[in-house]
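1 is the number of the first residue of the sequence shown in this note's numbering; add one for each residue after it.
We put the beta carbon where it would ideally sit given N, CA and C, even for glycine.
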Amino acid sequence: MSKRSLNRICCICDGQFANKVFEEHLSSHQDDLEHLKFSNDMKDACKTICRLCNRELINTRLRGHTKDKHGMNITDYKAKFNLQVVKIIEKVFHRCALCSDVMLLDSDAIAQHLHKHDITHRSYNEKYMNMMVKQTVVQKKTMQQETKRQRMNNEEEYSDNSRSSPSKLDMSSEDIEIIECNEDGLQEEHSDNLATNIFKLKSELKSIF
């Protein structure tokens with residue numbers, strides 16, 4: 001068995017200790033625990049900074065980031081900057097819901113710890129963790145439902161207004177005939193008045209001359 005496998009790294013002080021004294025060492029941090037930040041929400045997961053572009057991102061996303069954005073696998077990245085472990089900006093911790101062990105709020109750290117329990121990482125997340133992806137999907141679905149509901153309400157309101165306020169084009173053939181008849185009547189009445197006025201004017205002119 002290799003020397004490395006006989007040692008464990010303390011997530012609180014980053015010190016390396018032999019397995020046989022590791023639990024004893026952890027107990028020395030008992031007074032420190034109340035000052036540590038604990039969370040079950042993965043939006044609070046430990047973050048790091050990419051040394052190639054200075055972008056801040058969740059610790060476990062660094063390997064995908066260096067490969068996709070910089071064409072460099074995480075092994076070469078660590079070698080380039082002489083890193084044994086990825087530097088964490090601010091440590092956030094998680095207490096195992098099954099045994100109360102303390103670990104970093106980091107997907108890899110939790111997955112490694114769960115090997116000692118009879119539960120899958122996915123099941124553990126569903127039962128005990130608040131996952132960003134799950135929250136995002138729920139929020140997106142809620143927004144889509146609200147948008148659809150608003151669109152349906154607008155369509156119903158438009159339909160109701162259309163029925164209660166008929167347009168000028170909503171006229172029957174009878175209405176059109178009545179309008180045409182009224183226009184004809186007005187034209188005939190105007191012609192009769194004009195003829196009468198001309199007759200009176202001629203009579204007045206005759207009396208003068």
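Residue burial classification, residue i (beta-carbon count within 10 angstroms, cutoff 16)
i, result
"Ile9", "exposed"
"Asn73", "exposed"
"Leu62", "buried"
"Asn211", "Nothing in the structure corresponds to residue 211, since the chain is present only between 1 and 209."
"Val86", "buried"
"Asn59", "buried"
"His65", "buried"
"Ser167", "The predicted position of Ser167 is uncertain, since its pLDDT is 48 and thus under 50; a value taken from the coordinates is nonetheless stated next. Ser167 comes out exposed."
Sequence-distant residues of the same chain with beta carbon closer than 7 Å to residue i, five excluded per side
i, result
"Asn130", "Asn40, Asp41, Met42"
"Phe37", "The identity of residue 37 in the sequence shown is Lys, whereas the question assumes Phe. The residues are Val92, Phe93."
"His70", "Leu52"
"Tyr128", "Asn40, Ala97"
"Phe81", "Arg51"
Where residue i falls: helix, strand or coil (DSSP)
i, result
"Ile12", "coil"
Other residues of its chain near residue i: CB distance less than 6 Å, five sequence neighbours each side excluded
i, result
"Ile12", "His29"
"His121", "Ala111, Leu114"
"Glu56", "Lys47, Ile49"
Proximity test, residue i beta-carbon vs the ligand HEM heavy atom, cut-off 8 Å
i, result
"Arg63", "Inclusion of the ligand HEM in the displayed structure is not the case, the ligand content being empty and no account of it being possible."
Own chain partners of residue i with C-beta closer than 8 Å, once the 5 adjacent residues on each side are dropped
i, result
"Cys99", "Lys116, His117"
"Ile88", "Cys46, Lys47, Thr48, Asn59, Leu104"
"Asp32", "Ile12"
"Leu83", "Tyr77"
"Lys200", "none"
"Lys67", "Asn73, Ile74"
Interface flag, residue i vs chain D, CB-CB below 9 Å
i, result
"His70", "Of the protein chains in the structure, only one exists, and it is not chain D."
- Message: Could you tell me which whole beta strand (DSSP E) segments of length 3 or greater appear in the stretch 35-106?
- Response: Correct list: 47-49, 56-58, 93-95, 102-104.
- Message: I'd like to know if the stretch 23-37 and the stretch 107-114 are in contact, where contact means that at least 3 CB-CB pairs between them fall below 8 Å.
- Response: Contact between the stretch 23-37 and the stretch 107-114 is absent, because fewer than three Cβ pairs lie under 8 Å.
- Query: Are at least three pairs of beta-carbons, each pair with one atom in the stretch 41-58 and one in the stretch 87-106, less than 8 Å apart?
  - Reply: The stretch 41-58 is in contact with the stretch 87-106.
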